[in-house]
Each structure stands twice: as structure tokens, then as C-alpha cells.
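I have placed the structure first, in the form of C-alpha cells, so that the comments after it can refer back to it.
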Amino acid sequence: MKKSVYYLSFLFLIFAATLQSYGQDVQVTGKVTDATIGETIPGVSILVKNSTIGTTTNIDGMYSIGVQIGAELVFSFIGYETQTIVVGQQKIIDVVMNSAATGLDEVVVVGYGVQLKSDVTGATSTLDDEDFNAGIVTSPAEMMQGRISGVQVTTNSGEPGAGSSILIRGSSSIRANQAPLYVVDGVPLNITSIAPGAATAAGVNASAIKDPLDFLNPDDIESITVLKDASATAIYGSRGSNGVILITTKKGTIGSKGDGELSYSFYGGISKLPKKLDMLSAEGFMSASEKFNLNLTDMGKKTDWQDEIFRTAYTQSHNLAYSGGTNSSTYFASFSYLDQEGIINRTGIEKITGRFNASKKVFDDKLTIATNLTVARTNDSRVPIGETGGYEGDVLISALRGNPTFPVYNDDGSYFQYSPTYRNPVAMINLTNDNTYTDRILGNISATYEIIKGLTYKLNVGIDHTNITRKMSQNSELSYLVNDGQASIANMEFDNKLIENYLTYDKQLNENNHITALLGSSYQQFDEKGYNLVVDGFSVEGVDYIDNLGYGNYDNAIAGSFKQQNKLQSFYARLNYSYKNKYLLTATGRADGSTKFGENNKYGYFPSVGVAWRLIEEDFIKDLGVFDNLKFRVGWGLTGNQEIPGKISQLLIGTAPNANYFFDGENLSTGTTFIRTPNPDIKWETTMQTNVGFDFGFFNGKLSGSIDYFYKETKDVLLLLTSLAPAPTTYMWMNVPDMRIKNSGIGIDLTGVIIDKKDLSWTASFNFSTIKNEVVDLPMDLIETGVASGAGLSGTRVQIVKSGYPIGTFWGKQFLGYDADGISIYKKDAEGNDVKEDLGSALPKFTMGLYNTFTYKDFDFSFFINGVFGNKVYNNTANAMFSMASFSKGNNVTEDVITSGESIDNTPEFSSRFIEDGSFVRLSTLTLGYRIPFKESSWVRSLRIYVTGSNLFLITNYSGYDPEVNTNGSYDGVPSMGMDYTGYPRARTIQFGINARF
Amino acid sequence: MKIFKMKFLYKVLFLSMVISIASCTKLDEKIFDEELDTNLIDDPANAPGLVNPVYANLRATNEFWGVWGLQEASTDEAMFPTRGTDWYDNGDWQALHLQTWTAELGAVNNAWNVVLQGISRANTGIYYLKQFPTTTEIDGYIVELRFLKAYYVYLCNDFYGQTPYRSWDETDYSTLPLVMNREEATQWLITELTEIIPLMKTKSQIPYGRASKAAAQTLLGKIYLNKEVYVGTAAWNDVVTQCDAVINSGDYTITSDYWSQFQYENPNAEESIFTFIRNDEYNLGGGGVWVNFTLHYHQTFGNYTSLWNGGCITKTFWDSWENTDDADVRKYDDRIIPFTGFNQGFLEGQQHAIDGTALETRDGSPLIFVADVNLSNASEAEGIRCIKYAPNPQTTRQFDAGNDFYAFRISDVYLMRAEAKFRSGDVGGAIDDVNTLRSKRNATEKTALTIDDIYDERGYELFWEGKRRQDMIRFGHFTDAFSEKPTTPDHVRIFPIPQSALDVNPNLVQNSGY
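So the sequence lines, in the order shown, correspond to chains A and B.
In this text, residue positions in the first sequence follow our numbering: the first is 19, and each later residue adds one.
In this text, residue positions in the second sequence follow our numbering: the first is 142, and each later residue adds one.
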């Protein structure tokens, strides 16, 4: 090691000497300062035009360079406008640099590097920390929801820390994943949803998955960049099809006095359920019972079951960060704490995070070592709310159906439990302890070495470790448990290791030609393992079963474990070429090999090319005097989706319970059979995407924005097809070559600076997206998904994938009303048979977001409205519960059911009756802030107090709690969309906060 | 200058090496949590392991959402009425009862998968057994697997009239399999069974729960019995020949205690010809959850807190019992009442808990099961319930039954022979066989017989044992109106080919009428 250091130093001495050998006439020195604050700027690059000679300013902003008279010096620095100065006779040239105006020259993060925004040829959008959504946000998905065109974020429910479905430019897969790739500080995360499974209460199936990026502290995030088109994502190859989200965390900045900064922020929030469902009161329930001669049980109490389970929830958050740096080293450290209660009793999330990011330059600033490290612990407290489930129902179903004349408690104080299938939701909440503990460590260390000017080598090593343990116990007092209580532990562990090497070469070839080239490789290994344990038969009291499983009947215990590994090995290259700063070309390529792919298809190749024409540099555009930016972009590329299940290319012969038999007539012996039919041709799905876009700016930056059109076509779609029976297994994985999933659409982002005065400003941002999705040449009639839950709905699947229709299409009978007897009438064909037809799609026709900020002196005011239009939602809750048949069985219903004219003899089967318009407009957040003015010499740098309201109003025709819902109704691995079965309602929240910088 | 360039070159080369070294990993998938070990199929000591899966698959023929559902819920013996918000389930149960099924019906698809899985498992077993050195033992296993394959082909042929077929040595599963039509499959079955019967072992030579010679003879007898339905030409004498062989072997006798063979512990029942073993202790009673679906929510025992209140028998079938004696033991048996509160056989009238208290419905009315059932909107107590196999009264495994299940038993063989004799003109012989059975069931012996008497007798003896659909078709009653079902067209006597199978195999053509 030491030897190589010497060697390197030697090399650079020679290099430096070589540079010295050029002829020169004059030694110029000077100081570079910032135009606004007047401070010196270290690290400014100074280059003699059309040469390789250059230097940088030192820590005091000073530089010295020998040049010939008449040469031009180019001063450039990230975030500042580049200046060119002709060297005359003067020996001292001081330069004042202006911040880059209108954001044109801001640097954006791209895959494996950064680029000037003006040089980008692909479709990308960036949100910086001041742009993030306000409110109680726990994940990056929530921070950018509704803010970027082409990116549809649907939080699955209102549960604290709920997962989100993120679709970037539509849904381009059926069986592989639809989620984008996240890259945090250069470390691509495991796309696999991190979902702690666990045994759940009888009749309450798996709970919704949580957001896998909950572990990030929102206050640590500097920027979120979304790469949308293939020109931008193809560098991520087989993981680029669903788009890529690059998250950059805050780094230490070189403080003005080198003394760094300390910041502290706090908020407290109060959340409530915005609206209760209109359930019958005790009086209404009994009078309806009388009206329909039902003789339903009247226990004489007046219980509002919704009031019994919902609460006013409180949240507090603290965040402390300090950062600083010198010219050669920076640091950023933070610590955060969040305690968020959910609006259903005993739910919530508690999160502690810590972060340390640092960098150090050594060897004459040639070598930069940088580390990013974050650790987080999350504790999710939950109650039995399932995504699917039997007729008995979970907490929400039990509360909604609950007979309002029933008491919560018996006279002796114990819970009133009417029957095992008619449950007391308060008992379910209080007698279940369900906690998920997640520990996550994400860190990387990188070394960047400048071999010669313009050529840098970077080594990046990352680790990502997650350990999730879900512990649940259900008290034996719950009458529906069959074996005296239950305790379960489910654990999952994820490891993700990354090693990456790449070379970047950046060169101004001459006045007109500039290239940047990238060549690299990466190796990534993903390990997943886990176990689960379920024990029942507890008779102990006063001990939470989970704390001592030994009290249970562990003869009856169920245990299991698993372990999987997959590896990804990749090579990639990119070339950026710019001619006269007017014509830009980006070409990328990546080869990805994965252990998941079959032996006949080990490597996939993903090329892309993007070109851009900066019309603003053309005289005929400049002469118009209208534009201050105009760029035309075209991109094309192939990307992949490799989120196919592991092991499917491999033959599995083994033993399985369903192959075991009593060979000798008495004793069980194992059976050996094919468990999985191998497909050695299994590979990634390939998406071809073309993008055409304009970036523009008018009237001195008053109006700027971009408009993009894209067309995406996915082939080699991965499906689980019926085997050609008789075959060892009923199903077999295949890539269907002829099938296509098409997505096309338009995305528009606009920003207008409407008022820009010293004391008053008003900026408005608007985005609009519309996406059309279609499945073509599906090799079967249809694939069903969207599993309906509830009594009498077994085997009912409400959504289909079918040629000629978009993904997410609801499929069923058209409900036409009731006949004179109150029995449903459905649309029939000419022969009088029931027909199933297209009932609309869960994919919206278009989405919009509008963000406004105002400042007046030291006040700031902002609000954000987002809207989703033209999507359908299946109200599974209503289908399962809100019908006269349900009422006649003693279940409470909404008031409109009683007056609907439906007969109690009518079967509430699935039909368009329960498909509703899911369009909505939501006032997502509204913030009023005040910056308390301090004297410059004060020990406080800035202090801002604010109040934010979230989800203040919602305009929708949807009859459930909230149309923005996505209960998992996947069937056989095919995901569903737009299902609402007891989705945890979204809260309305008011929060008060303070941000201080010292 | 030159030195620099050379060094620079070295440097670049060095870096490229770093890059390539870091990257030269083989991308073979490593599997940790599954045993892919082919020793399992290389070691002759594991031969039983290759036989087991084919037997194990028989358990899946119990599933009420699959094979058993097609055999029974399509007939007058079982129905699943919609009860308010319960049991609508996509309309599948109503479609099964009304015989308005389509290629998408869940049970049609599930049954298809089970029988074809059985054929494939038999092929896999035979293929690997043939890799072992030949011994009498191995040859015996191969013959057993050939029988089991024939049994699955028989089920497939009986349900669908088309059977995708692969020979045991066909291991390329991407090629289209041959499809046998009903005639071809029937002929294949006769040839195959005739060939293997002499090679099969007798009851005493083979362990309980495995297939003996009599099983193959009974199966061949069944194929001859239905040959008129399958191909249009009858073979009554061949039925008699096969039944004679089974009966005359002396290995099987009609039990004098009918219900003893349907108890929770029921192995080695004297009637058993072809029985597969189920076991709740090992969770290997999949599909046998008939107690769950038929009993009312409140008829709890063991660790049940609630049951499913679904399936029952039709009024038509209940009424058919008027033609036998009230004393006929097959209708009702009370031996399990002290442990469960309910009886075996048919559950009619007021129901009781284990402690004898009268049960109520959810809304507090007395729980009285009645025969009249409304298919689309039955109340809680409508429909007479049926308990054929007694559950484990102390069960903690609600989704598994521990009873061994009879695919073939000797009473069936007597009735097969009676029917074949009757149809070929030997009425006296038929009466003898029927009376041999009835005398053991405490039922009056017949002095005269009609063909429908034999049909009814099969219902009394074999109800809920998965025989009814085939019987109703053979006796011409399947498409008759019964219960709420109107007369149905002839094509329903063969089920549709599942859509998912048609999607991938162009050699399959949808059966006419669908």
C-alpha cells in the first residue's frame, strides 16, 4: 500500500513537472469572491482556454497561474456562472463570480456522476430540500408525492409509515416489480419490498407493507432526482425500466468562517380522522330493523364504534444537525427522533435516525475519501388491520359492522364479545400487541482519485443491512382465537453489498468540442433470510406471551425459515459530447448479468442514446429576445426489469408435504418430486422507451418549465403460465416474447415567478401528466387479480389483465339498479345472459399538482394542491358490508343502504355497483411561516416558526374514507390497484414547528 | 514526457485490471433453502420416495373446490346455497348446482390441475425408477405407478372427455402433448389395465393404503360399466368378469357395521379395496373439510370457535330416502353424539350442542335443519346437512381430516355387478347382489328390482363418496330437473376444458356446447 502511495506521488511529480515545461510570459495572481456575500471561493477551476493548463483557488480563494498575454482564462465553479477573462498586461486579476441565475447551470445528479442541468439530454426532474412536501412525512415518496410530472405516488393508506405505490411513467410490468430503483448516495438499494410477514389474527390476513425508505430522515435529504426516460435510466440497465430515484443526502459545506453550522428543528402535530362514515346510530339501527321486520338484537346501549377506535393523535419530531468543513474536509452529522401516533388507537411509528457524512481530500486534493453512514431504528405499532381477509373482518370491518346497541364492555369490565365471528374491535386493539422493529444501516465509502487532470477513478463500496422483526401476541381472552392466544415472531434480514469502480474522463478538446466519458463496473450481492415462529396455547396471565414463548404449548409451534441470494454484475459506459455547447449527445450502455437469469440468458445489454439541441445558443432564437432557455431533447433506449423471482431458472426436485405418503401403510415417509419446472431461458423484461421533450424559459426566468412526450413498450413480459400439462408443475415462468405492455403519455412541469419584489414574491409551480396504458397480445384470454375480501366474496376477483385494456381494469357485471322487488338488475346480452365487461381502470386519466409559495417580508406562505382524475376505485368495504343482506344478518350499514330500495334477499355480488369514481382534489398541505429577524452578529443565524395543515380538504365523490388507497388484492403474484378494503384512513393534521440555525 | 506516458499507460492498465478482477464472478445461482440434491433420485434406496408423491396427490381429489366438488356439488347429493352475504363466491356454487358452468369455473380448473398433476407425477416416478437396476421390487413399484396413472387418466377422461397424455419417457415439457379423445383414452385404459392386472399384487402382498390387483380390477370394471356412456357400446359382461374376480378373491367383505368404516380411526376396514391415507396429525388431510362447510356456525367441537354453515343435500336426494326403510342404518348413526353433539348421516331437525342444549341460529331462533333449500338465498337453517366421515372430536387441525378415504370399496363392486347383471338381463343375479348388501344395512330385502332401485341403492350406500355424478349420468338422471335445477342440455355431461389449458395447448379443442 505504502509503496503505491510513493508511486502515485512520484507519478504526479512528473506530471506537474511536465506541465511546468510549457512556455509562459506572465504570472497572474488573484482572488475569486462571491458577488452576493463577498466571501472568497475556494476550489474555483481556472483553465487557460484551448489548453490543458489550469489551477484552482486555494482555501483563501487565491490563485496563481502562468499564462501568455492574450490568453483567455476560464473561471468556473459549480453553482456559479462561468467567466472568461482575457489576460492583458495586468498581473493581478480578481474575479467576482455570480451565482448561476435561473437554475440553468445548476448541477443535477445523474447516474454515476453529476451534470450541468443545461447538458442533460434525458428526462429528469429534481426536487431540492426547499421544494419537499411539508407535513408529517416519513419517506421520500411522501416528500415528492404529486410534485413531478410522470411520477404517480399513491400512499397505500393513512397508516403512519404506510407504503406507497410509485409508478414512474405508467405500469410496465405484470409479474415483475413496478417499483422504481432507489439509489441513495450512489448505493442502489434492494428493490424487493421489505415486508415483515407474520401470522395474523384469525380471519385477518397479512397487514399492509410499510414504506421501505422509512429509515431515511427526511431532514437529511438534500435532493431527490427522478430519472424518467431511457436516456437517463439505461445506465442502470436491467433495473431501469421503472425509472430511477436518486437520493442525495446533505453534505457538510465549507462554512464562511470555517466554523460550521448547527441546526435544530422541531414540530408537534395533532391529527384527526377527517370524516366518519355515516353509519346508523343505535336508534336508526333499531328502527330500520323494525321497518324490515328483522328482529335484530337490541342490547340497549348506544355505541359509536368508530369513536371507540379512532382518536386524536399527537406527533412530535426533533432533528438536530451540525455540519461544516474546510477546503479539504467536510462533515455533516444529524440525529432525529419521530414519534407519530396513528389515528387508530395503539397504532403509530417511532423512529430514531443518525447520520454521519464526511469527506476528506488528501494528496494535493487529488484523492477524496468520502463516507456516508446512516443508522435507523423504526418501531411500528399496529393493530389487526388486514389487507384481505375472511368474513369475520379486521378492526375496521368490526367497527363498521358493529351493532350500535352492543356494549363495549360487560358489566364486569371484561370485553363484550358477541361471537367469534362478530368481534369487538376495541378488544381486538387492546388485546393484540403487534410491533415491528426495523434496524437499518446504510453506508458507503468512496475514494475518488484524480489520475491526471480530467481523469478520475472512483471506487465505491456500500453496504445496506436491514433487520426486521415483527412480534405479535394475541391474548387468549379474544374469544375468536381457537387455541388460547397466540404469539408469533417473524424476522427478515436483508444484506446488500456493493463494489463499484469507474473512470470518468472530462476534457474540453478545443473551443467547440467537449467530452465526458465514463467507464465502470459494479458488483452487487443481495442476501435475504428470515424465520418465523408461531406458538399458541397460553394460559399465563400478566405476561406478554411474546416475552416468554415457553408459557405456550410449543409442541404445537409452527416454525419456518428461508434464505436467498442473488448477485448482479455489471459493466457500463457513457459518453457525453457537446459541440459548441449547442449540440449535445449522450450515449450509454450497460451489460447486466444476474444469477436470477437462466443459463441461456446470463447477460442483458441495455443501450441508449440521447441528443439535445440548445436552441437558446442559436442567434435566431437569441434575437427573438423572448427566451432565456430553449432546449429540444430526443432520447431512445432499452432498459430492463430484473425483479423476477429468484430460483425460477432452476430445477427443483425435492420433498414437499403434498408429496409425502404412508408408504408402508402406517408411517409417514417422504416423497420426491419435481417442485419447480426449470426455465433456463428466463431473463429480464425489456422496455424500449422514446422521449421527446422541450425545456424552456421565458421573460428573464419568469416562466420556465419542460414538456415531455414518451412512448414505452415492454416486451419479454414475465408471466406465470399454465404448463403444457401433464407437466411436473401446474405453472411455469416464461418471458412471453410477443406480448407488449404499452405506456405513452405527456408530462408538463411549469414554474412561474409571478411577483419578484424585494419584500414580496410569489412563485407557482404546476405539473400535469397523462398516461395511457395498454396490454397487447396477452397469450391468454385474461389474467385475474384484485381479490375481493369479505363474506360471500371468496373466489371473486375484480380486476383483469387483458389484451386491449389497460392494467388495472375492473371487470364485472354492469349494475343497472333494482327491480320492483329490490333485486339487482344487471346488463344482459341479447340472449339474456349476464355479461362481464370493462368497468374502468384504476389508472388515472390524468394527474395534476399545483404548488404556490408567497413571501412577504419575513413571512412565507405556501400551499400544495394535488388532483387525480378519471380513476376507479373498488369499494370492497361496501361490497362486503354495506348491503341490505348484510344488514339483515345484524351488521351495521351506512344510512343510504336503508333507503336504497334494495331487498334483504338481494345478493350483494360484485358488480359496477361497488366501482366508484376515485377522482379527487386534495389540499395536501398549507404552510404559514415567519422568519424571526436577528441582527447579523447574533448567535442565531436564522429562526423560523411555522404552522402547517395537511389534508385540509378533499373534494371527491368517493363514498369511503379516502379514494387514495391501494389495499393489496394481488392474486397469485399479480398486483392489483385501486382496491379499498378497510384502508387505514388518512388523517387531517395540524402541526407547529420551529427551524433554527446557529 | 515519454516516461510519463508509459507510467500513465501502466496506471490505466492497472485500473482496468482492478475493474475486471472485481468483476469476474461466476453468476451461478446458489440456492440455500431448498434441497436440489439429485441424490434423491440417484439412490435406489429412495425408490419409495418416487412412489409416494403419486399416492399423495390422491389426497387432493378430496377437495370440495376441485375433484370432489365436480363429482358431488354438480349432483343432487350436495349443494352450496348462497346464504345472504355468505357463499355467493363469484356465483361458482350456484353454477355448479345449476350446471351452468363455464371454462372459467374455479373447480373445473382445480380438478384439471389435480388429475394432470397425478399423471405427471406418475410419469416422473416411472422415469426415475427405470434408471435404477431392475429388481422385482422396483418392477412392482412401476406397475403400481402405471395403475395410478391410469386412475388419473380415468378421472380426466370421465370429467373432460379429452386427456393430454405424455409417455413416461417424455421429459421435454415444451412440446405439445398428445391429446386422447374419449374413445382413445377408454381404449388406452382397457389395454393398459389388462396388461398390468396380472402383474399387480394381491391385498396380502402389499401394505394397506397402496394399490392392489383388486383396485385395478375394480377400475377396469368401472371403465366397462361406463363404456356405453364413453364410447356408445356397452360391455356388461366384462363388468361382471372384473367384479367376480374381486369378489371371488375373498379378500374383501361387506362390513356388518356400516358406520364403523367412517369413523375417525378407520384403517384396515374390511371393505377397503383402494383407499388413500389421510392424517390430520401431519396436516395431511387436505380438502377433507366437509364438516367445516356443512355444519352450522354454532355446532362447535374440538377447538372450533365457529364453522362455515354452507353445503347441504338437496330436497330431491332427501326425498329419495322415502324408498328405503326408516331402519336403514345408512341414514343416521348416533355413536359420535356424546363427543360432538351431532350425529353421522343426515342432520335434520333441532340440533344440539355437546352438552345436549338446543342450539340457536345467530338471531336466536332454534336451529332446526329443514330439507327445503333456496339456492340463491337460503336462511341459516335451510338444508339438511351430511356427515359421512366422523371428525376427530378433539381436533386442533381444522383444515385436515384424519379419516382414510375410500376410492373403491367392496359394496360398490357388488352394486356394479348387480347393475351389469340387470342391464344384461340377469335380474335374479342383480337382486341377489343388492340383497347381499341390503341385508347388512338393516334394510328389507328386495323381491323385485327396477333399474332406478339400483340407482337409489347406490345413493344410499355411496352418498358423498364422489360417485354420484358418474352414476347420475349413467342412469340418465344428470340432466333431469332436480331441486331448483331445470332440465339441462346434454353437453353438461362433459365438463368444459379449462380456459387456462386451452390458452396454452392448441391440441385441445373446447368441448361442444361451451
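Using N, Cα and C, we set each Cβ at its ideal position, and we do this for glycine too.
Bear in mind the structure is a predicted one, so any value in this text is a computation, not a measurement.
Looking from the CA of threonine 695 of chain A, the closest CA among A:Val644, A:Thr740, A:Thr74, A:Gly88 belongs to A:Thr740.
Taking 4 residues as the shortest admissible run, the segment 580-621 of chain B contains the following complete alpha helix (DSSP H) segments, listed from N- to C-terminal end: 592-603, 609-615. Among the residues facing chain B, glutamine 492 of chain A is not included, as its CB has no counterpart in that chain under 7 Å away. DSSP, reduced to helix, strand and coil, places leucine 603 of chain A within a strand of the structure shown. For the pair valine 92 of chain A and threonine 657 of chain A, the Cα-to-Cα distance works out to about 38 Å. Within the segment 328-372 of chain A, no complete alpha helix (DSSP H) segment of 4 residues or longer occurs.
By the CB criterion at 7 Å, threonine 455 of chain B and aspartate 217 of chain B fall inside the cutoff. For glycine 672 of chain A, the enclosing beta strand (DSSP E) starts and ends at 670-673. Note that the C-beta distance between asparagine 870 of chain A and alanine 782 of chain A is below 7 Å. The alpha helix (DSSP H) runs of length 4 or more contained entirely in the segment 374-433 of chain B are, from start to end of the chain, 377-389. Fewer than three pairs of CB atoms, one per stretch, sit closer than 8 Å, so the segment 523-538 of chain A makes no contact with the segment 472-486 of chain B. Between asparagine 584 of chain A and serine 612 of chain A, the beta carbon gap of about 7 Å places them in contact (Cβ cut-off 8 Å).
Cβ contact annotation for aspartate 597 of chain B (same chain, cutoff 6 Å, sequence separation greater than five): Ser461, Asn464, in chain order. Chain-ordered, the chain B residues with CB closer than 7 Å to the CB of methionine 798 of chain A read Ser641, Asp644. Interface annotation for the segment 241-262 of chain B against chain A: Gly247, Trp253, Asn254, Leu257, Gln258, Ile260, Ser261, Arg262, criterion Cβ-Cβ distance under 8 Å. Residues of the segment 298-326 of chain B with a C-beta atom less than 8 Å from some C-beta of chain A are Pro305, Tyr306, Arg307, Tyr314, Ser315, Thr316, Leu317, Pro318, listed in chain order. Put simply, the CB of glycine 190 of chain B is near chain A, with a gap under 7 Å to one of its CB atoms. With distances taken between CA atoms, threonine 974 of chain A lies nearest to A:Gly888 out of A:Gly850, A:Thr925, A:Lys854, A:Gly888. At least 7 Å separates the CB of glutamate 495 of chain A from every CB of chain B. Assignment of alpha helix (DSSP H) within the segment 430-511 of chain B, counting only whole runs of 4 or more residues, yields 431-435, 456-461, 478-481 in chain order. Just so you know, the alpha carbons of asparagine 311 of chain A and lysine 293 of chain A end up roughly 31 Å apart. Assigned with DSSP and collapsed to three states, glycine 570 of chain B falls in helix.
Interface flag for glutamine 583 of chain A against chain B is set, since a Cβ pair is found closer than 7 Å.
Residues are counted here when their Cβ sits less than 9 Å from a Cβ of chain B; for the segment 609-643 of chain A these are Gly611, Ser612, Thr613, Lys614, Phe615, Glu617, Lys620, Tyr621, given in chain order. Taking C-beta atoms under 8 Å as the contact rule, glycine 287 of chain A and isoleucine 963 of chain A fail to qualify, at a distance of about 14 Å. Valine 886 of chain A has its alpha-carbon roughly 25 Å from the corresponding atom of tryptophan 780 of chain A. Bridge pairing for leucine 941 of chain A: A:Ile883, A:Phe971 [DSSP]. Ranked by Cα distance from arginine 526 of chain B, the first of B:Asp593, B:Asp545, B:Phe458 is B:Phe458.
Methionine 80 of chain A is a Cβ neighbour of lysine 49 of chain A, given a cutoff of 7 Å.
Scanning B:Thr498, B:Asn515, B:Asp513 for the CA closest to the CA of proline 507 of chain B turns up B:Thr498. With fewer than three CB-CB distances shorter than 8 Å, the segment 226-243 of chain A does not count as touching the segment 676-689 of chain A.
Per DSSP, the beta bridge partners of leucine 460 of chain A are A:Thr392, A:Asp482. Isoleucine 843 of chain A and asparagine 550 of chain A have their C-alpha atoms spaced approximately 48 Å apart.
Note on glutamate 406 of chain B: under 16 other CB atoms within 10 angstroms of its CB, so exposed under the neighbour-count rule. Taking 7 Å as the CB threshold, leucine 602 of chain A stays off the interface with chain B. Judged by DSSP in its simplified three-state form, aspartate 839 of chain A adopts coil rather than helix or strand.
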